[in-house]
Amino acid sequence: MSAPATPAGVRAWWEAVEASALVGTARRPLPPDLASPLPVRPDADPATALLDAAAAGSVLRRAAAVPPEAEAWPEPSPPDVLDPAPARAGQLLTLLLTQSPVGALTPHALRRWLEAAATRGVRAPHPTLVGLLTTGTQQPSLRPAVLPVLDARGAWLAGGRKEWAWARGGSPVDPAHPDEAAWRLLPSAQRAVALRRLRAADPAAGLALLTSTWRQDRAEVRAELLTALEAGLSEADGAFLESALDDRSAAVRERALALLDALPGSPRARRLGDVLDSLVVPQGRLRRGVEVALPDDSAAAPRDGLGPAPRGRSRRGWWLERITAGAPLEVWTADGVTPEVVVRSLAAAGSDALPGLLRAVALRGDVEWARAVLRCTWDARIAAVLPEAERGPLVLARVGAVTSVPDLTSAVRLLPGPWDEATSLVVLARLERLQRPPHVLTDLVDVLADRLHPAVATTLRRLAPAEGPAHPLHRLATLLDLVPALTEAFR
Numbered sequence: 005m006s007a008p009a010t011p012a013g014v015r016a017w018w019e020a021v022e023a024s025a026l027v028g029t030a031r032r033p034l035p036p037d038l039a040s041p042l043p044v045r046p047d048a049d050p051a052t053a054l055l056d057a058a059a060a061g062s063v064l065r066r067a068a069a070v071p072p073e074a075e076a077w078p079e080p081s082p083p084d085v086l087d088p089a090p091a092r093a094g095q096l097l098t099l100l101l102t103q104s105p106v107g108a109l110t111p112h113a114l115r116r117w118l119e120a121a122a123t124r125g126v127r128a129p130h131p132t133l134v135g136l137l138t139t140g141t142q143q144p145s146l147r148p149a150v151l152p153v154l155d156a157r158g159a160w161l162a163g164g165r166k167e168w169a170w171a172r173g174g175s176p177v178d179p180a181h182p183d184e185a186a187w188r189l190l191p192s193a194q195r196a197v198a199l200r201r202l203r204a205a206d207p208a209a210g211l212a213l214l215t216s217t218w219r220q221d222r223a224e225v226r227a228e229l230l231t232a233l234e235a236g237l238s239e240a241d242g243a244f245l246e247s248a249l250d251d252r253s254a255a256v257r258e259r260a261l262a263l264l265d266a267l268p269g270s271p272r273a274r275r276l277g278d279v280l281d282s283l284v285v286p287q288g289r290l291r292r293g294v295e296v297a298l299p300d301d302s303a304a305a306p307r308d309g310l311g312p313a314p315r316g317r318s319r320r321g322w323w324l325e326r327i328t329a330g331a332p333l334e335v336w337t338a339d340g341v342t343p344e345v346v347v348r349s350l351a352a353a354g355s356d357a358l359p360g361l362l363r364a365v366a367l368r369g370d371v372e373w374a375r376a377v378l379r380c381t382w383d384a385r386i387a388a389v390l391p392e393a394e395r396g397p398l399v400l401a402r403v404g405a406v407t408s409v410p411d412l413t414s415a416v417r418l419l420p421g422p423w424d425e426a427t428s429l430v431v432l433a434r435l436e437r438l439q440r441p442p443h444v445l446t447d448l449v450d451v452l453a454d455r456l457h458p459a460v461a462t463t464l465r466r467l468a469p470a471e472g473p474a475h476p477l478h479r480l481a482t483l484l485d486l487v488p489a490l491t492e493a494f495r
């Protein structure tokens, strides 16, 4: 009797054929032939019949699989609300998604297209929706720009794949209504992303979500999640971070110490402030200088970070740096010494206290101290503290003094874009004077892509080697050439 050529029948028949092949047809005869239109040789010997069955089974299993029946057809997409983007703009989007001429800079070009579409109030063409959903899934930073151009069809399409949930308004952990059950099931990397997002919107809710599984989480997970508290960090987190100083994991304790450096009102800051106060000695009646003594052995406090020093550092010098990083800045000026006098004194003495002080100023965003530091030395972290209008002239002066591409990159990051043509030319003029092998240009090009004025594309191309359109500067020039085309396409 022939076996039925149904999915279940084919599966059972194939398992029997495999068993015959495994033990031999002499010990286990082949199963009856399938009731299928495939021809069968009735006079074939057992070995030939086995090979025929294997060939037939391979074809059936590859080509005759029956798709599972859906419980119900999905509801059709509701009508779109927005008009489609102009035809030329749609062609450019297709080019960027399929054959982008700007390589690794494609996300920058896509962002410009998406922002132009949102400004015009139009949607992406339907044939590009899958590409946009895939790109947004792979590059979460683009999602806020992708969402406005998906319209109803894009949101409907996103319902077909789990990884596209971000585009239909859902996520494993909703920032507005955190679900502890879903939080427990998320992989740690996704939990860190979700926690940062939630902390940006509601720091207290984010802390509550973190503490809900804190005791059950593994040490490496606790350390990773603790870093996410940087978003929305405030004195309200101090008590939790203080308790984390007693964690069994050294990595967790170290992350907690780093976060506490930003909280001058925490119990740890007060303890370190008391230690620092005993070490700082103003000089003279006019307070024109300050000296800082190294802490002695009695200052040891491993819980507050005053433990063994890293290799190559003196123990007492390391302690002084950590003390100044965590203590309140007011300790330095309590006796009438100005911030600028403090910075100049520490710099002149080459004191271990200076790096800690700079860290404290950067983390706490103290503008008065930032000005004092920048009158004495350059530090990109400190310059970022200044108001934008005050920062610009300082950064441009720094651009004219840098001696390497990494230094130029750290400086221009502080100048928000888009720049005018004059500022763009100042930056490129400095770049022309620097050694610029391709491997050091990646970070700089990534920064310049959203800032340079399109009019400097020709100048930029002169800085790149004549050969090789894949050179980072050639790619950047091509991106700048695209900008006017993108703008024109939406008119």
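Residue numbering for the sequence shown follows this note's numbering, starting at 5 and increasing by one per position. The C-beta atom is built at its ideal place from N, Cα and C for all residues, glycine as well.
Leaving aside the five residues that flank residue 294 on each side, the residues in its chain whose CB is nearer than 8 Å to its CB run, in chain order, 284, 285, 286, 287, 336, 341, 345, 346, 349 and 350. Burial check for residue 326: the Cβ neighbour count within 10 Å reaches 16 or more, so the residue is buried. Between residue 387 and residue 332, the C-beta spacing is not below 8 Å.
Put simply, the backbone Cα of residue 418 is about 15 Å away from that of residue 405. If the five residues before and after residue 489 are omitted, its C-beta is found closer than 8 Å to the C-beta atoms of 96, all from its own chain and listed in chain order. In the structure shown, residue 293 adopts extended strand secondary structure according to DSSP, grouped into three states. Taken through DSSP and simplified to helix, strand or coil, residue 106 comes out as coil. Beta-bridge partners of residue 88 (DSSP): 127. For residue 220, there is no enclosing beta strand (DSSP E), as DSSP marks it with neither H nor E.
Taking the Cβ atoms as the reference, residue 153 lies roughly 15 Å from residue 113, outside the contact range of under 8 Å.
Nearest in C-alpha terms to residue 87, of all of 116, 146, 155 and 140, is 155. Residue 241 places its beta carbon less than 8 Å from that of residue 233.
In the three-state reduction of the DSSP assignment, residue 406 falls in the coil class, being assigned neither a helical nor a strand state.
The C-alpha of residue 25 is placed about 18 Å away from the C-alpha of residue 13. Rounded to the nearest whole angstrom, the C-alpha separation of residue 239 and residue 270 is 7 Å. The Cβ atoms of residue 435 and residue 456 lie no closer than 8 Å to each other. Taking the Cα of residue 425 as reference, the smallest distance to any Cα among 449, 462 and 394 is reached at 462. Going by C-alpha positions, residue 384 is about 50 Å away from residue 82. In the DSSP annotation of this structure, the continuous segment of the beta strand (DSSP E) that includes residue 286 starts and ends at 284 to 287. Judged by their CB atoms, residue 17 and residue 65 are not nearer to each other than the 8 Å cut-off. The closest CA to that of residue 397, considering only 376, 427, 372 and 368, is found on 427.
In this structure, residue 200 lies away from residue 171, with their beta-carbon atoms at least 8 Å apart. Apart from sequence neighbours up to five positions away, the residues of its chain that approach residue 246 with a beta-carbon distance below 6 Å are 271, ordered along the chain. Contact between residue 110 and residue 104 holds, since their C-beta atoms are separated by about 4 Å, short of 8 Å. Here residue 52 is exposed: its Cβ has fewer than 16 other Cβ atoms, across all protein chains shown, within 10 Å. Taking a C-beta distance under 8 Å as the contact criterion, residue 116 and residue 487 qualify as a contact pair. Selection 186, 324, 196 and 31 evaluated against residue 225 yields 196 as nearest (Cα-Cα).
Within its own chain, the residues whose Cβ lies closer than 8 Å to the Cβ of residue 464, once the five positions on either side in sequence are excluded, are 432, 456, 477, 480, 481 and 484, listed in chain order. Residue 151 counts as buried, since no fewer than 16 other beta carbons sit within 10 angstroms of its beta carbon. Counting only residues of its own chain and dropping the five nearest sequence neighbours on each side, residue 320 has a CB closer than 7 Å to the CB of 298 and 299. In the DSSP assignment, the residues bridged to residue 310 are 305.
For residue 138, the enclosing alpha helix (DSSP H) stretches over residues 133 to 142. With respect to the 8 Å criterion, residue 139 and residue 146 are classified as neighbours on the basis of their beta carbons. Around the Cβ of residue 308, a 10 Å sphere holds 16 or more other Cβ atoms; the residue is buried. With 16 or more other CB atoms across the displayed protein chains lying within 10 angstroms of its CB, residue 363 is buried. Here residue 446 carries a helix assignment [DSSP, helix/strand/coil].
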